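Just below is one structure, and these are the notes that go with it.
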Amino acid sequence: MHPGSKMKKGIRLKNVSFGYQKEHHVLENISYEIKPGIFLGITGINGSGKSTFTYLLNGLIPHFFKGFLEGEVQVDGVSTKSQNTAYFAHQVGMVFQNPDFSLFNLTVEEEILFGMKNLKLGNTEERTQEALKEVKLPGYENRDPQTLSFGEKQKVCLASALVLDTPYIVLDEPTAMLDYKNSLELYAILHKLNNCGKTIIVVEHDTDFLWQFTKEVIILDQGKIFLSGDNREILSYKNKLQNLGIKVPDRNRKI
Amino acid sequence: MSNRQELQILRLKLLGLVIFTTLTIYVQDFWILLSLLILMIIFIIVIRSRNNLSERVSPLISIFFLILIFQIVFNTSLDLFSRIGKGFIAGLKILNLSLLVFFFTATTPLSRIGAVFSFLPKSMRLMLTITLSLIPVVFEEAKKITIAQNSRGYNTRQLNPIRSIMPVLIPLIHRILRRSEQIAMVLESRGYGND
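Keeping their order, the protein sequence lines are chains Y and V.
Sequence positions in the first sequence follow the working numbering and run -15 to 239.
Sequence positions in the second sequence follow the working numbering and run 140 to 334.
Laid out in structure tokens, this is it:
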């Protein structure tokens, strides 16, 4: 049975601890249920384990980063230990922090086609056009990805994940190197995708975006979940956020 | 021109490159190598510009002289005149090979070079694509690192080549390794190896 045809159960993390070295846990005893269709934001200071958290969600841990994993991560009921990352590529699309380091094809079209060819998906031309339209880059098919602006590169990375039509999309600090206008455009796309039923999981430092766009928020501190739940409630704990070194969102800011 | 015709022309160009590089490697005649070099220089000046040519050739000049010196100093089995001759031939071969590749890449867009190799197995094609796309990126990053180090007082024109290159080489290797790691993650997360 094709993985995409299974009932969506969300992503479940059960008592997950992970360390790249045995004695040093980057994540410790994480339990959380990411419900299907949610827009989840993950924040925390540098080194709190945010990126590592995202690697758990599509099987990069334990298949790419061997390390020391305890507990279990289930994507739609399938343990990430039981299948390889290519299997989870059907369910979880991933966009990494630095688009400069993610693009390796000679044209935008080849970049977008790459995942579809691997997963043997049909209608490649139609899907490519649709994805480029979705990220507002129509007509960019033959451009060299390395010559694009940073915002455009990040959008190409997003389009490459979108064409796979995965129910979950994970983005690791997608706005880290983008200006405000491009960040806003990216969040508008994510918001639209979420409204279409996609589960969006985004690692973000800018709590204004989390306040405005997400539904739930996780705050990580030293590899542990410090706070989690409804975004407005969690991001209202001004003192707790300040003590952690996280920016308190400007609720009056019009995004 | 249709895609098919374009691809055939590209394949012919590639075949030409292979034949000429093979000939360059095997030819031992100084005058043939020199004629080829002059011919190539004229072609490149006509197609590209003198600036492009000098950018490409100037780092090779030092290699040319290094080869010549090595032949004179270390190839002690021959008399001095033969050593100089051998040095010139070896140096000319390096110049010719480099300019042949430059001529090919200067007249063929990078994106089309990948298409020429469509007959290769998937994994080899991927390796080739990644290599081709990253060559200009690595040069660009080396330039950026050099500028960053220069702004901190680093002098690129030191006599000691190791001391001169290390402040650029180490961060460059670090960046290349980070980039390779992320590309590997991207490949995995986009289903590479799903066969």
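Where is the CB? At the ideal position from N, CA and C, for every residue including glycine.
Here the structure is a predicted model, which is why all the values come from computation and not from measurement.
is_contact[residue i, chain Y] using C-beta, thresh 8 Å
i: residue 327 of chain V; result: yes
i: residue 275 of chain V; result: yes
i: residue 324 of chain V; result: yes
i: residue 144 of chain V; result: no
i: residue 284 of chain V; result: no
i: residue 321 of chain V; result: yes
i: residue 268 of chain V; result: yes
i: residue 318 of chain V; result: yes
i: residue 331 of chain V; result: yes
i: residue 253 of chain V; result: yes
i: residue 259 of chain V; result: no
i: residue 272 of chain V; result: yes
Bridge partners - residue i, DSSP secondary structure assignment
i: residue 27 of chain Y; result: Y:203
i: residue 152 of chain Y; result: Y:76 and Y:183
i: residue 58 of chain Y; result: Y:-4 and Y:63
i: residue 208 of chain Y; result: Y:205
i: residue 14 of chain Y; result: Y:0
Under the three-state DSSP convention, the category residue i falls into
i: residue 2 of chain Y; result: strand
i: residue 214 of chain Y; result: strand
i: residue 99 of chain Y; result: helix
i: residue 63 of chain Y; result: strand
i: residue 278 of chain V; result: helix
i: residue 209 of chain V; result: helix
i: residue 90 of chain Y; result: coil
i: residue 259 of chain V; result: coil
i: residue 217 of chain V; result: coil
i: residue 274 of chain Y; result: The structure shown does not extend to residue 274 of chain Y, since chain Y is modelled only from -15 through 239, so no value can be given for it.
i: residue 328 of chain V; result: helix
i: residue -10 of chain Y; result: Confidence is the limiting factor: at residue -10 of chain Y the pLDDT is only 48, short of 50, which leaves the residue's position unreliable and the question unanswerable from this model.
i: residue 279 of chain Y; result: Residue 279 of chain Y lies beyond the range of chain Y shown here (-15 to 239); nothing can be said about it.
i: residue 198 of chain Y; result: coil
i: residue 197 of chain V; result: helix
i: residue 159 of chain V; result: helix
i: residue 336 of chain V; result: Examination of residue 336 of chain V is not possible in this model, given that chain V is present from 140 through 334 alone.
i: residue 227 of chain Y; result: helix
i: residue 345 of chain V; result: Here chain V covers residues 140 to 334 and nothing more, so residue 345 of chain V does not appear.
i: residue 175 of chain Y; result: helix
i: residue 290 of chain V; result: coil
i: residue 104 of chain Y; result: coil
C-beta contact flag for residue i and residue j at 8 Å
i: residue 89 of chain Y; j: residue 163 of chain V; result: no
i: residue 100 of chain Y; j: residue 42 of chain Y; result: no
i: residue 184 of chain V; j: residue 246 of chain V; result: no
i: residue 53 of chain Y; j: residue 33 of chain Y; result: no
i: residue 321 of chain V; j: residue 228 of chain V; result: no
i: residue 191 of chain Y; j: residue 151 of chain Y; result: no
i: residue 215 of chain Y; j: residue 194 of chain Y; result: yes
i: residue 183 of chain Y; j: residue 25 of chain Y; result: no
i: residue 310 of chain V; j: residue 284 of chain V; result: yes
i: residue 259 of chain V; j: residue 179 of chain V; result: no
i: residue 60 of chain Y; j: residue -8 of chain Y; result: yes
i: residue 85 of chain Y; j: residue 264 of chain V; result: no
i: residue 80 of chain Y; j: residue 156 of chain Y; result: yes
i: residue 162 of chain Y; j: residue 138 of chain Y; result: yes
i: residue 87 of chain Y; j: residue 95 of chain Y; result: yes
i: residue 224 of chain V; j: residue 203 of chain V; result: no
i: residue 154 of chain V; j: residue 235 of chain V; result: no
Short CB-CB distance (under 8 Å) between residue i and chain V
i: residue 133 of chain Y; result: no
i: residue 89 of chain Y; result: yes
i: residue 85 of chain Y; result: yes
i: residue 196 of chain Y; result: no
i: residue 130 of chain Y; result: yes
i: residue 160 of chain Y; result: no
i: residue 37 of chain Y; result: no
i: residue 30 of chain Y; result: no
i: residue -3 of chain Y; result: no
i: residue 64 of chain Y; result: no
i: residue 69 of chain Y; result: yes
i: residue -15 of chain Y; result: Any reading at residue -15 of chain Y must be qualified, since the residue scores a pLDDT of 40, below 50, and its modelled position is unreliable; no value is offered.
i: residue 52 of chain Y; result: no
i: residue 144 of chain Y; result: yes
i: residue -10 of chain Y; result: Confidence at residue -10 of chain Y is low in this model, with a pLDDT of 48, below 50, so its placement is unreliable and no value can be given for it.
i: residue 44 of chain Y; result: yes
i: residue 172 of chain Y; result: no
i: residue 178 of chain Y; result: no
i: residue 193 of chain Y; result: no
i: residue 80 of chain Y; result: yes
i: residue 48 of chain Y; result: yes
Residues that residue i contacts on chain C, provided the C-beta gap is smaller than 9 Å
i: residue 23 of chain Y; result: Of the chains in the structure shown, none is chain C; the protein chains are Y and V.
>> Short of 8 Å Cβ to Cβ, which residues in the region 91 to 124 of chain Y face chain V?
In response: 91, 94, 98, 99, 102, 103 and 104
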